[in-house]
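K.L.:
Counting from 1, one number per residue, gives the positions in the sequence shown under my numbering. We treat Cβ as the ideally placed atom computed from N, Cα and C, and that holds for glycine. Sharing a structure here in structure tokens format.
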Amino acid sequence: MRIYCDESGNTGLDLLNEAQPIFSIASTNLDADTCSRLVRRLLRQGQTEAKYSKLKGSASGQRALVEFFSAPELTSDTVKFLAADKDYYVITHLVDKLIEPPLHEAGHDLYKDDAHVGLVNLWYFTGHTIFRNGDWRKVKAAFVRALRERNPSAFGAFDDVLGRAAVDSAPENRDFVTGLLLARGRLPEFIGVLDADAFDPANDMFINLINKWMALHPGQLEVVHDQSKPLKRNERFLRSMMQPVSARMIGYGKRKAELPLRVSKFEFADSKDHPQLQLADIVAGAVVDCLLAWSNKRPANDYHKQMQSTRLASLEIDGMLPSIENIVGNNPPGPGESNLVDGAVAFMTEIGATRGQPT
């Protein structure tokens with residue numbers, strides 16, 4: 001099976017970029033003729049390639065997009081997308097990399113019944129009340145700097161910002177604050193041993209997306225991605241996820257992944273030569289645009305309302321998006337299963353994607 005992928009909203013480790021708060025990656029296994037026929041309806045006179053960013057700006061383009069996303073060929077078996085709220089993604093690393101390790105040392109399993117997911121959502125929706133007066137934003141910004149730089153200066157700056165925010169927090173929130181304070185002085189061992197690739201949502205979403213296709217196809221996959229997009233810079237890391245080492249299933253319950261990725265051929269190509277990449281581009285762009293409007297992060301118009309009645313939302317298969325409903329989780333492990341995060345770290349250590357303990 002050959003899969004074609006494209007992305008939208010990729011800012012790398014600039015995870016608090018206010019102009020682009022959502023990342024999406026879309027894919028299709030449709031053949032070239034089908035994609036050409038679908039995309040052809042979106043082309044205007046003189047155009048050789050359909051781009052969502054151009055189409056959404058005109059009334060005629062919007063009408064064509066609504067028709068495009070209503071096509072019966074677009075199903076979750078032929079087109080899949082994932083999306084990540086980058087602010088939410090930052091908080092997942094705060095919980096996984098800073099809060100969980102000390103709790104694990106004390107004998108508490110934060111991954112049992114998805115308690116970590118509940119805690120991430122709790123921080124997402126209430127972090128600004130736990131750390132008041134803009135301190136929550138400062139803590140996240142200092143953490144992102146630490147993820148990007150991973151050096152003593154950035155680690156020390158985070159500890160300082162967190163300490164000041166903790167002093168200013170309300171007494172009734174100190175239990176939550178303490179969970180983070182336990183990580184002060186320990187960032188070198190918690191995040192300093194990992195490469196920057198481990199903190200890029202594009203990598204996580206790509207791996208998740210390919211796993212969804214692997215679940216439908218027992219053999220090897222061939223994957224083609226648009227060569228003009230930022231994911232190209234992560235090629236080395238993504239290829240390392242495809243190394244021919246022993247296969248294993250990591251995670252438990254609803255959160256499982258197979259590693260390494262069963263990809264026999266991985267290449268980047270020009271979207272002008274592949275209508276499947278153009279289709280994936282249109283889907284990825286629509287996902288970001290519509291999710292921002294539907295979540296009230298951007299103004300919505302009649303076009304966004306019409307898109308709610310199309311097939312777009314049904315093509316979502318997973319992602320990293322906040323949900324109040326997920327504050328209380330239920331995802332018990334089976335016999336012998338370990339959590340997804342520990343399994344991923346163990347795999348990356350095996351293939352050499354960690355840096356070793358910094359000095």
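Is the beta carbon of Ala284 sitting closer than 8 Å to the one on Ser8?
P.N.:
A contact, by the Cβ cut-off of 8 Å.
K.L.:
Classify Thr359 as buried or exposed, calling it buried when 16 or more other Cβ atoms lie within 10 Å of its own Cβ.
P.N.:
Legend: pLDDT at Thr359 = 29, less than 50; position of this residue unreliable, value from coordinates given subsequently. Exposed, by the Cβ-count rule.
K.L.:
CB-CB under 7 Å to Phe143, same chain, minus the five flanking residues each way: which ones, in chain order?
P.N.:
Closer than 7 Å at Cβ, skipping near neighbours: Val90, Leu94, Phe158.
K.L.:
Assuming Phe68 contacts Arg41 under a Cβ cut-off of 8 Å, what Cβ separation, rounded to an integer in Å, is found between them?
P.N.:
The pair is a contact, with the Cβ atoms about 6 Å apart (cut-off 8 Å).
K.L.:
Apart from the five residues just before and just after Ala154, which ones in its own chain have a Cβ nearer than 7 Å to its Cβ?
P.N.:
Cβ neighbours of Ala154 beyond the five flanking positions: Arg145, Ala146.
K.L.:
Count the other C-beta atoms from every protein chain shown that fall within 10 angstroms of the C-beta of Ser246, then say buried if there are 16 or more, exposed otherwise.
P.N.:
Exposed, since its Cβ has fewer than 16 Cβ neighbours within 10 Å.
K.L.:
Could you pull out every residue in the same chain whose Cβ sits closer than 7 Å to the Cβ of Gly356, ignoring the five residues on either side in sequence?
P.N.:
Interpretation of Gly356 is limited by its pLDDT of 47, a score under 50 that renders its predicted location unreliable; no figure is taken from the coordinates.
K.L.:
Following the continuous alpha helix (DSSP H) through Ala64, name the residue where it begins and the one where it ends.
P.N.:
Unbroken alpha helix (DSSP H) run through Ala64: 59 to 68.
K.L.:
So Met205 is in the alpha helix (DSSP H); what residue range does that whole segment cover?
P.N.:
201 to 216 is the extent of the alpha helix (DSSP H) around Met205.
K.L.:
Would you mind reading off the limits of the alpha helix (DSSP H) that contains Arg148?
P.N.:
Its alpha helix (DSSP H) spans residues 135 to 149.
K.L.:
Can you tell me where the alpha helix (DSSP H) holding His93 begins and where it ends?
P.N.:
Per DSSP, His93 belongs to the alpha helix (DSSP H) from 86 to 93.
K.L.:
Please look up how many angstroms separate the CB atoms of Ala257 and Asn208, rounded, as I've assumed it's under 8 Å.
P.N.:
Ala257 to Asn208, Cβ: 7 Å. Contact.
K.L.:
With Leu221 as the anchor, note down where its beta strand (DSSP E) starts and where it stops.
P.N.:
Looking at the DSSP string, the run of the beta strand (DSSP E) that includes Leu221 is 221 to 226.
K.L.:
Roughly how many angstroms lie between the CA atoms of Ser240 and Glu172, to the nearest whole one?
P.N.:
Spanning the two alpha carbons is a distance of roughly 45 Å.
K.L.:
Keeping to the same chain, check which residues put their C-beta closer than 7 Å to that of Gln276; ignore five residues upstream and five downstream.
P.N.:
Excluding residues within five positions, the ones whose Cβ falls inside 7 Å are Tyr4, Thr28, Leu30, Ala32, Cys35.
K.L.:
Compare the Cα-Cα distances from Lys56 to each of Lys140, Ile282, Asp77, Asn331 and report the closest residue.
P.N.:
Nearest option by C-alpha distance: Ile282.
K.L.:
What ranges does the beta strand (DSSP E) occupy inside the segment 218 to 290, keeping only unbroken runs of at least 3 residues that lie completely in it?
P.N.:
Runs found: 221 to 226, 248 to 252, 255 to 259, 263 to 269.
K.L.:
For Met320, write down the residues that DSSP places opposite it in a beta bridge.
P.N.:
Answer is Ala84.
K.L.:
So, at 7 Å on beta carbons, what are the nonlocal neighbours of His304 in its own chain, with the 5 sequence-adjacent residues on each side left out?
P.N.:
So the qualifying residues of the chain are Cys290, Ala293, Trp294.
K.L.:
Within 10 angstroms of the Cβ of Thr48, are there 16 or more other Cβ atoms? Answer buried if so, exposed if not.
P.N.:
When all chains shown are included, Thr48 counts as exposed.
K.L.:
I'd like to know whether the C-beta atoms of Leu315 and Met1 end up nearer to each other than 8 Å.
P.N.:
No.
K.L.:
Given this structure, state the Cα-to-Cα distance separating Gly253 from Phe131, to the nearest angstrom.
P.N.:
Their Cα atoms are separated by approximately 33 Å.
K.L.:
With a 10 Å radius around its C-beta and 16 neighbouring C-beta atoms as the bar for buried, classify Thr75 as buried or exposed.
P.N.:
Its Cβ having fewer than 16 others within 10 Å, Thr75 is exposed.
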